[in-house]
Amino acid sequence: MEDRGVVLKKKLPASNIFIGNALELDFSNQFDIVFQSTVFTSILDDDFRRKLAQKMYEMVKSKGMVLWYDFKYNNPYNSDVKGINRNEIKELFPLSAKIEFYSVTLAPPIGRRIERIYNLVNFLFPFLRTHLIAIIYK
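First residue of the sequence shown: 1066, per my numbering; consecutive thereafter.
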C-alpha cells in the first residue's frame, strides 16, 4: 500500500495523501464532502463498518455530506463482498439530517452485453440497477 502512496504523491504533488488506518485520522469537521466508492461492500465486519461510517460522518463539516456509491446486492459469485441496502445505510448514519438515494448502474453482466442500448435499458428497467448513490447530509 505504501508504494502506491509514493506513486500517488508523485503524480499529485499538490494533494494531501494519507496512508494508513482511516479510523486513526483526525479530521473532525474538516471537509465539505467525504466520498466513498465500493469500500463498504468489501468490509464484512459489521462493527468496523459502523466505526468507519461514524468516522466519515465526523470528518464532514456542518451542512456537509458523505457521498456514497456502492452496490446494494450480494454478489452470488463473490463471498468477499456484502451488498448494503438503503436501510443499512440509514443505520450506519443515524445522526444524518437527511439521506437521498438514487438507484444507478445497470447490472454489469447485462451492461457489458448491451453496450449500444445501455442507457435505454437502464432507464426502462430500474430494477436491474445494482448500485446506490446516497447523499448523506450532516
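Just so it is clear, CB atoms sit at the ideal spot from N, CA and C, and this is done for glycine as well.
query: Assigned secondary structure, Asp1111 (DSSP; H/G/I helix, E/B strand, else coil); result: helix
query: Rounded C-alpha distance that separates His1196 from Leu1171; result: 8 Å
query: Nearest neighbour of Tyr1142, chosen from Pro1174, Phe1092, Ile1098, Leu1193 [CA to CA]; result: Pro1174
query: Helix, strand or coil at Val1099 [DSSP, three-state]; result: strand
query: Cross-strand partners of Phe1136 (DSSP beta bridge); result: His1196
query: With 16 other Cβ atoms within 10 Å as the buried cut-off, status of Ile1098; result: exposed
query: For Glu1165, the residue or residues it bridges with in DSSP; result: Ile1200
query: Neighbourhood of Ser1102 by C-beta, 6 Å cutoff - its chain only, sequence neighbours within 5 removed; result: Tyr1134
query: Among Pro1159, Val1146, Arg1151, nearest to Met1121 - alpha-carbon criterion; result: Pro1159
query: Rounded C-alpha distance that separates Phe1190 from Val1131; result: 27 Å
query: N- and C-terminal bounds of the alpha helix (DSSP H) containing Arg1151; result: 1151-1157
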